[in-house]
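A.B. asks: Residue numbers (my numbering), protein chains in the order written: chain V, -8 to 242; chain L, 284 to 603; chain W, 312 to 656.
Quick reminder that beta carbons are idealized off the backbone N, C-alpha and C, glycines included.
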Amino acid sequence: MSVRALDQVSFVVQPGTRIAIVGASGSGKSTLAACLACLEKPSSGSICFQGRNLEFLSESELQNIRPQVQLVFQDPAMAFNPIFTVLEILEEPWILQTKLNSEERKERAAELLGRVGLPRRILDRKSADLSGGQRQRLAIARALALEPKILILDEALSALDYSVQAQIANLLLDLADPSIPLAARPAVLFITHDLVMAARITDEIIVMQSGRIVESGPMREVMRNPAHMATRALIAGASGVSSSHEKRPAV
Amino acid sequence: MRYLARRFLHAAMLLAATTVVTFLFTTLAPGNYFDEMRLNPQISPETLTALKARYDLDKPLPVRYLVWVKSLAHGEMGYSFAYNSPVLPLVAVRARNTLLLTITATLLAWLIALPLGVWSAEYAGRWLDHVITGTSAILLVIPDIALALGFLLIAVQTRWFPAGGMASVGAESLPFANRLWDLAQHMFLPATILVLIAQPILVRHIRAAVADVLGEGFIRAAEAHGIPRSRLLWRYALPAAANPLISLFGFSIGALLSGSLLVEVVTSWPGLGPFLLEAILARDLYVVIGGVLLSTVFLVAGNFIADVALFWADPRIRTE
Amino acid sequence: MKRSLHKTAVWLIFLAFLHVIVLAAGFVAPYDPVQQDRDRPYAPPMAIHCVDRGGKIHLRPFAYVQRVKEGFFDQYEEDRATQIPLKFFVKGAPYRLLGIIPGKLHLFGTESGSINLFGTDGYGRDLFSRILHGAQVSLFAGLLAASISLFLGVLMGGASGYFGGWTDSIVMRFAELCLVLPWLYLLFGVRAFLPLLVSPMQAFLIVVIMIGALGWARPARLVRGVALSAKERDFVRAARGFGASHFYILRRHILPQTRSIILTQAAILIPQYILAEVTLSFLGLGIPEPAPSWGNLLSSLQQYSVLSSYWWMYLPALAMVPFFFGYLALSSSLQEEPRAAKIGL
Chain V
-8 MSVRALDQVS FVVQPGTRIA IVGASGSGKS TLAACLACLE KPSSGSICFQ
42 GRNLEFLSES ELQNIRPQVQ LVFQDPAMAF NPIFTVLEIL EEPWILQTKL
92 NSEERKERAA ELLGRVGLPR RILDRKSADL SGGQRQRLAI ARALALEPKI
142 LILDEALSAL DYSVQAQIAN LLLDLADPSI PLAARPAVLF ITHDLVMAAR
192 ITDEIIVMQS GRIVESGPMR EVMRNPAHMA TRALIAGASG VSSSHEKRPA
242 V
Chain L
284 MRYLARRFLH AAMLLAATTV VTFLFTTLAP GNYFDEMRLN PQISPETLTA
334 LKARYDLDKP LPVRYLVWVK SLAHGEMGYS FAYNSPVLPL VAVRARNTLL
384 LTITATLLAW LIALPLGVWS AEYAGRWLDH VITGTSAILL VIPDIALALG
434 FLLIAVQTRW FPAGGMASVG AESLPFANRL WDLAQHMFLP ATILVLIAQP
484 ILVRHIRAAV ADVLGEGFIR AAEAHGIPRS RLLWRYALPA AANPLISLFG
534 FSIGALLSGS LLVEVVTSWP GLGPFLLEAI LARDLYVVIG GVLLSTVFLV
584 AGNFIADVAL FWADPRIRTE
Chain W
312 MKRSLHKTAV WLIFLAFLHV IVLAAGFVAP YDPVQQDRDR PYAPPMAIHC
362 VDRGGKIHLR PFAYVQRVKE GFFDQYEEDR ATQIPLKFFV KGAPYRLLGI
412 IPGKLHLFGT ESGSINLFGT DGYGRDLFSR ILHGAQVSLF AGLLAASISL
462 FLGVLMGGAS GYFGGWTDSI VMRFAELCLV LPWLYLLFGV RAFLPLLVSP
512 MQAFLIVVIM IGALGWARPA RLVRGVALSA KERDFVRAAR GFGASHFYIL
562 RRHILPQTRS IILTQAAILI PQYILAEVTL SFLGLGIPEP APSWGNLLSS
612 LQQYSVLSSY WWMYLPALAM VPFFFGYLAL SSSLQEEPRA AKIGL
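1. Might you give, ordered along the chain, the residues of its own chain that have their beta carbon closer than 7 Å to the beta carbon of W/ILE299, omitting 5 neighbours on each side?
2. Buried or exposed for W/GLN646, going by 16 or more other Cβ atoms inside 10 Å?
3. Of the residues V/GLU50, V/ILE182, V/ARG116, V/ALA157, which one's Cα is nearest the Cα of V/PHE64?
4. Could you name the residues of the same chain whose beta carbon sits closer than 8 Å to that of L/ALA396, not counting the 5 residues immediately before and after it, in chain order?
5. Quick one: is V/PHE75 near chain W, going by C-beta distance under 9 Å?
6. Would you give the residue range spanned by the beta strand (DSSP E) that W/GLN394 belongs to?
7. Please look up how many angstroms separate the CB atoms of W/LEU594 and L/VAL548, rounded, as I've assumed it's under 8 Å.
8. Return the first residue and the last residue of the alpha helix (DSSP H) that V/LYS20 is part of.
9. Label L/THR332 either buried or exposed according to how many other C-beta atoms from any shown protein chain fall within 10 Å of its C-beta, with 16 as the threshold for buried.
10. Which residue from L/GLY554, L/GLY448, L/ALA420 puts its Cα closest to that of L/LEU373?
11. Looking only at C-alpha atoms, which of V/SER1, V/SER51, V/ALA11 sits nearest to W/ARG551?
12. According to DSSP, simplified to helix, strand and coil, what is V/GLU50?
13. Taking buried to mean at least 16 other C-beta atoms within 10 Å of its own C-beta, is L/MET449 buried or exposed?
14. Pairs of beta-carbons, one from the region 141 to 159 of chain V and one from the region 111 to 118 of chain V, closer than 8 Å: are there three or more?
15. Please list, in chain order, the chain L residues whose beta carbon lies closer than 8 Å to that of W/TRP622.
16. Residue ranges of each alpha helix (DSSP H) run of no fewer than 4 residues wholly in the region 122 to 202 of chain V, ordered along the chain?
17. Kindly indicate if chain W contains any beta-carbon less than 9 Å away from that of L/GLY433.
18. Under 9 Å, do L/THR301 and W/LEU525 count as touching if we go by C-beta distance?
19. From what residue to what residue does the beta strand (DSSP E) around V/LEU87 run?
20. Looking only at C-alpha atoms, which of V/GLU79, V/HIS184, V/LEU45 sits nearest to V/SER34?
21. Whose Cβ in chain W lies nearer than 7 Å to the Cβ of L/ALA300?
22. Under 8 Å between beta-carbons, which chain W residues line up against L/THR579? List them in chain order, please.
23. State buried or exposed for L/ASP567, treating a residue as buried only when at least 16 other CB atoms are found within 10 Å of its CB.
24. Could you check the C-alpha separation between L/ALA388 and L/LEU394 for me, to the nearest Å?
25. So V/SER1 and V/ASP145 are in contact, right, with Cβ under 8 Å, and what is the actual spacing, rounded?
26. By the DSSP assignment, the alpha helix (DSSP H) with W/ILE598 in it spans what residues?
27. For V/GLN125, I'd like the list of residues in its chain whose CB is within less than 7 Å of its CB, leaving aside the five on either flank, ordered along the chain.
28. So with Cβ pairs under 9 Å, would you call W/ALA550 a contact of chain V?
29. In its own chain, which residues sit with a C-beta less than 8 Å from the C-beta of V/LEU243, not counting the 5 before and 5 after it?
30. Compute the Euclidean distance between the alpha carbons of W/HIS369 and W/GLY445, then round it to the nearest angstrom.
31. Between which two residues does the beta strand (DSSP E) harbouring W/VAL362 extend?
32. Which bits of chain W does L/SER530 rub up against, with CB to CB less than 9 Å?
33. Look up W/ALA374 in the DSSP assignment and say whether it is helix, strand or coil.
34. Which value, in whole angstroms, describes the spacing of the CA atoms of L/TYR248 and L/PHE581?
35. Could you tell me the alpha carbon to alpha carbon distance between L/LEU432 and L/LEU540, rounded to whole angstroms?
36. Within 10 Å of its beta-carbon, does L/ASN586 have 16 or more other beta-carbons around it, so buried, or fewer, so exposed?
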């Protein structure tokens, strides 16, 4: 009997929306993220971006699509090449996808840093010199470099201190604020097992268990009336955040 | 068991591939043994053609290879042009001479290196360690050829021991014990050189392996139980360090036939190395292939023996 | 961390110094390496003195003329009556530095008579000069072969580790085969079986290239390891996400991580290949006469007469030692470079 990482997962991402994908570890969230970002291919089924089925696209066409779906990873320590400076990290997407010269790239990089609340002077530093929170901001900055249509955050806050998490959460809220015109505002897919954070940032929720979607809908309603046991278990687990003694039902 | 079968199959395939490659190498190059004869006006072209046909040199490559493989199955290895006799007995005698030398040298090398490595690890940082690692470093830095020639020079200048060959003239007529002593005297120089060449590498690896193990918890626990240090070193630490050392020993076995070429040439030891060299220069095709095959058999067998020994010694591999 | 960088620098400078001397062999050596002096075959090394028989101190060092002993044909003695003063920066036999820059100036030499610091060989050629010029050949062979091995190793190992799958399997199987073959014999075979039309120099080059080519397997395995772990890193996936091509990722992200392996392997391989060339030339399968290489300088030692009477013919063997020492020390200090310098791997 084969194990599927994802089983009959089907949903639609509208432009500019903020969706949380929650589930316990092993529920298939990261696999989903990788497939969406075109880093892995699904063994069956199709992913369509702006109406085009990814399966039928050639490698070079995929190269054009990938920049529009950006992934921010969980571990800020491994997300950057240790030899690169912050400037090199940020300008890499532009070197690959645009024809900007180095002056322009530097300006844009400074701008981008400002958007995520980082000072300009870190451009010459190495990523190892930054704190965890700063690195995640940098990762988000890099992900925004090519103005993606979809921004996926795969457990991006889990490795951070709680206070730092709150700051980044605010940043995300600002970036995806509904007042920003649709053209400049990415859809946010927030993958996490932390329901509290998810509730803060997103409007919709999809719950996954063992590779399947077991529940979905607007955030408020699902939180108030969870239909599936998995959802209820997650809520129960989340409502006693600091309690390690509390028994969690097996999901 | 399946693991072992897999490794054996792997070794066999490697051997087969080696024979193909060697065949290709030596036959693709233009020219053959009889080219020299072509220059000799006394030998007519018809004789040459007949000779070539007799040795199948006019047949295409794959045919020659298959013929050779078939004869291998019969326990033969082809025919030597230069010596006008089957290859196998010729090669076997030389291989025996080499093995006599290298087995002695390898055993000695390990017997000396083991205590040196263990003590070096045990007294790490103290003067004994410095002396041992220092001497190893000096030996490592002196290239093999310098070591071999240097000792040869000493042998010739001081006449303390024979400086070449395997036996003195007329040794066959001596009684067995004297012959043995004569052999030992002649073996002294090449064996010493081989041991000295091997020492630094062996000592370094043994030291590293034992030092790793000595830092582990179970050693400290055994110490706390009051087990005497010497027993601790030899009965506890060394076996635990066996893993990398077994692989190393496998290499030693593998190099039994191929590692002593230079030393044999320098000390005129009648082994496989100089014989093959001569055959190569004379383009004696089947001797070359036979010799290379034999050396590779040892190399591959060495690796395989190491695999088997590891399998037997380290239960972790069995459960993989 | 600083201390080991210092150590590495020290050994690099030491090696560079040795190599510069060798490069400038034409200048440093007093004589042309192929210039024969049939009157003085197998002359022993000449001692440099500062104090003469009368106890007088000379500011300029000198040597005594060697003359053949009465009644012998191959033994020499110092002629205490005649001195040869040692001069610095003398004009001597012409040479070409690096094969291009012509020159006539030598570091030291004499105006009359000849000074042989290491003695002469059977043809009366100055051994000291031959050792220096021979170093050029042996070092060049070592460096060339090492570069080829490293280049191929990075190429194959990088491709194998990065692309995985069939590429990986095939390359690794091939590597195993290469590691198992007794390549020394194959090398001899190739050298001996090379058609007689190819000049000995060309044959030598072919052999050096082959040595290098056959040695790709060990560095390739190490590079493969680096590529395997590097390709799973998030920053590589991120670059893929920006539409980076495989070539870009290999060049910009994976290759730089192999720097330390390349350096360490270079320090290990170069002396190995120098030794291989020396062995080949020693056995007569390397660079042909009259061009010197450390190997063929030593080949006369295969004769008993030389071994027993002309011990100074062994000196080329010792010439290798400082180089090997430098490379060995460099490789140990490179391996010591702390893990802190390789963050992320």
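C.D. replies: Well, looking at it:
1. Absent from the model: residue 299 of chain W. The displayed extent of chain W is 312 to 656, so no value can be given.
2. The residue is exposed, with fewer than 16 neighbouring Cβ atoms inside 10 Å.
3. Of the candidates V/GLU50, V/ILE182, V/ARG116, V/ALA157, the one whose C-alpha sits nearest the C-alpha of V/PHE64 is V/ILE182.
4. Non-local beta-carbon contacts of L/ALA396 in its own chain, meaning distances under 8 Å to residues more than five positions away in sequence, involve ALA481, GLN482, LEU485, VAL486, ILE489 in chain order.
5. So, interface residue.
6. That run of the beta strand (DSSP E) goes 387 to 396.
7. Between W/LEU594 and L/VAL548, the beta carbon gap of about 7 Å places them in contact (Cβ cut-off 8 Å).
8. Counting along the chain, the alpha helix (DSSP H) containing V/LYS20 begins and ends at 20 to 27.
9. Exposed: under 16 other Cβ atoms inside 10 Å.
10. Nearest of L/GLY554, L/GLY448, L/ALA420 to L/LEU373, Cα basis: L/GLY554.
11. Minimum Cα-Cα distance from W/ARG551 among the listed residues V/SER1, V/SER51, V/ALA11 corresponds to V/SER51.
12. Secondary structure of V/GLU50 (DSSP, three-state): helix.
13. Sixteen is the threshold: when 16 or more other Cβ atoms of the shown chains lie within 10 Å of the Cβ of L/MET449, as they do, the residue is buried.
14. Touching, no, given that fewer than three Cβ pairs across the two stretches are closer than 8 Å.
15. At a beta-carbon threshold of 8 Å, the residues of chain L lying near W/TRP622 are LEU436, GLN440, ordered along the chain.
16. 123 to 135, 153 to 166, 186 to 192, all fully within the region 122 to 202 of chain V.
17. With respect to chain W, the C-beta atom of L/GLY433 has a partner C-beta closer than 9 Å.
18. The Cβ atoms of L/THR301 and W/LEU525 do not sit closer than 9 Å to each other.
19. Note, V/LEU87: premise wrong, no beta strand (DSSP E); alpha helix (DSSP H) at 77 to 88.
20. Ranking the options by Cα distance to V/SER34, first place goes to V/LEU45.
21. Correct list: LEU488.
22. In chain order: VAL491, LEU492, PRO493.
23. Buried.
24. Taking the Cα positions, L/ALA388 is about 10 Å away from L/LEU394.
25. A Cβ-Cβ separation of about 20 Å leaves V/SER1 out of contact with V/ASP145 under the 8 Å criterion.
26. For W/ILE598, there is no enclosing alpha helix (DSSP H), as DSSP marks it with neither H nor E.
27. These residues qualify, in order along the chain: LEU109.
28. Closer than 9 Å to some Cβ of chain V, the Cβ of W/ALA550 qualifies, so yes.
29. Here chain V covers residues -8 to 242 and nothing more, so residue 243 of chain V does not appear.
30. So the two alpha carbons sit approximately 33 Å from each other.
31. Counting along the chain, W/VAL362 sits inside the beta strand (DSSP E) bounded by residues 360 to 362.
32. Under the 9 Å cutoff, chain W gives no residues; its nearest Cβ is about 13 Å from L/SER530.
33. DSSP places W/ALA374 in strand when its eight states are reduced to three.
34. The structure shown does not extend to residue 248 of chain L, since chain L is modelled only from 284 through 603, so no value can be given for it.
35. For L/LEU432 and L/LEU540, the distance between alpha carbons rounds to 21 Å.
36. By the Cβ-count criterion, L/ASN586 is buried, with 16 or more other Cβ atoms from all chains shown falling within 10 Å of its own Cβ.
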